[in-house]
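Going by full-length UniProt numbering, the residue at position 194 of the sequence shown is 194; the numbering climbs one at a time, nothing skipped.
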Amino acid sequence: MPPWKYLGLQIAARTIVPQKLEIECNPKTPADLHSLCGSLNWAKLSHQQYHQNVPGLIHQFQLTRSQAQAIVATCPNCQVQAMPSMGQAVVERAHQTLKQVLARQSSTTVGMSPHEKLCKAMFTINFLNCSFENMSPPVVRHFNSGNQFKLSQRPPVMIRDPETWETKGPYELVTWGRGYACVATPSGPRWIPQKWVKPFVPKNPSPAEGDKRQVAVASKRRCHRMEEKESS
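Structure, rendered in structure tokens:
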């Protein structure tokens, strides 16, 4: 019984053996040209379904850069949406950094839940990770990079103390970002999870100057209308 070849697999009577896909990028014979045309067709069909970028097509189908660029350029979806690369290397580096921090804190987080361990590691990476070149943590460097991130006013906020679970305040809000907020307490600046920070609303707020002016104008109009009715 002759074997069949389908999608890189050689299916015999009893076994399935993976086949190695070899593509000749520099055709010299009609057979090599036929193989190259077949590989280009496979690359086009795969790109229509998965939309790989140019490096992905080169690595997967062993194409030249010009051939891969031609396939991507002829795809209407990639031209309209301008789909970027997935950036898997950035994700892998972030995961590696997180794993290293979790391993270093393993001795001090024995009785913590996985969620608490992850929160502590993320807090260490975002707020306690400093260098000798810049002693500010990443979140401070991020918000100090532009004037649009600086707070022109420091509104009062109420916080819940993570240690005593008591609501305290009002304190001035210094800055915020990445799930945490910094408030000015009597003992100094303190970072609090953003979910435990609420805006301070006084029970009897004093009306603003604009509100007072509107009330005065409305009362004058009301009195003027009543005088007109009485005179008529």
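Cβ atoms here follow ideal geometry from the backbone N, Cα and C, with glycine treated the same way. Note that the structure is predicted; figures quoted are calculated from it, not measured.
>> At the level of alpha carbons, what is the spacing between M122 and L45?
In response: One C-alpha to the other measures close to 41 Å.
>> Here's the rule: buried if 16 or more other CB atoms are within 10 angstroms of the residue's CB, otherwise exposed. What is residue 249?
In response: Residue 249 lies beyond the stretch modelled for the chain, which goes from 1 to 232, so this question has no answer here.
>> With distance defined between alpha-carbon atoms, name the residue in S136, Q194, M135 and F200 nearest to M158.
In response: F200
> Which word fits F61, buried or exposed, when buried means at least 16 other C-beta atoms lie within 10 angstroms of its C-beta?
Replying inline: buried
> When you compare each of R178, N53, E92 and R190 to A73 by their alpha carbons, which one comes out closest?
Replying inline: N53
>> Can you tell me whether S231 is helix, strand or coil according to DSSP?
In response: helix
> Which residue comes first and which comes last in the alpha helix (DSSP H) that contains R65?
Replying inline: Note, R65: alpha helix (DSSP H), R65 to A73.
>> Please return the same chain residues whose Cβ sits closer than 7 Å to the Cβ of T185, not counting the five positions on each side in sequence.
In response: Y171
>> With a threshold of 7 Å between beta carbons, is R104 in contact with chain B?
In response: The chain labelled as chain B is not found in the depicted structure, where only one protein chain is given.
> Helix, strand or coil: which one does DSSP assign to K168?
Replying inline: Looking at K168 - three-state DSSP - the assignment turns out to be strand.
> In this structure, what does DSSP give as the bridge partners for L173?
Replying inline: DSSP links L173 through a beta bridge to V183.
> Looking at the structure shown, is R154 part of a helix, part of a strand, or coil, going by DSSP?
Replying inline: In this structure, R154 counts as coil in the three-state DSSP scheme.
>> Taking its Cβ as the centre, do 16 or more other Cβ atoms sit within 10 Å of A181, making it buried, or is it exposed?
In response: buried
>> Tell me the rounded alpha-carbon separation between K229 and R213.
In response: CA-CA distance, K229 to R213, rounds to 25 Å.
> Which residue from P55, I71 and S66 puts its Cα closest to that of Q48?
Replying inline: I71
> Would you report the Cα separation of T124 and L173, rounded to the nearest angstrom?
Replying inline: 21 Å
> Where does V80 land, buried or exposed, given buried means 16+ other C-beta within 10 angstroms?
Replying inline: Unreliable placement is indicated for V80, whose pLDDT of 49 sits below 50; the coordinate value is still reported in the next sentence. That one is exposed.
>> Is it buried or exposed, W165, if we count other Cβ atoms within 10 angstroms and call 16 or more buried?
In response: Around the CB of W165, fewer than 16 other CB atoms lie within 10 Å, so the residue is classed as exposed.
> Where does the unbroken beta strand (DSSP E) through K198 begin, and where does it stop?
Replying inline: Where K198 is concerned, the enclosing beta strand (DSSP E) starts and stops at V197 to P199.
>> Am I right that R160 and W191 are in contact with their C-beta atoms under 8 Å? What's the rounded C-beta distance?
In response: That belief does not hold up - the Cβ atoms of R160 and W191 are roughly 13 Å apart, past 8 Å.
> How is the beta strand (DSSP E) around P189 delimited, first residue to last?
Replying inline: G188 to P193
> Around the C-beta of L21, are 16 or more other C-beta atoms found within 10 angstroms, so that it is buried, or is it exposed?
Replying inline: Only weak support is given to the placement of L21: the predicted model assigns it a pLDDT of 45, under 50, and the value that follows is read from those uncertain coordinates. By the neighbour-count rule (16 or more Cβ atoms within 10 Å), L21 is not buried but exposed.
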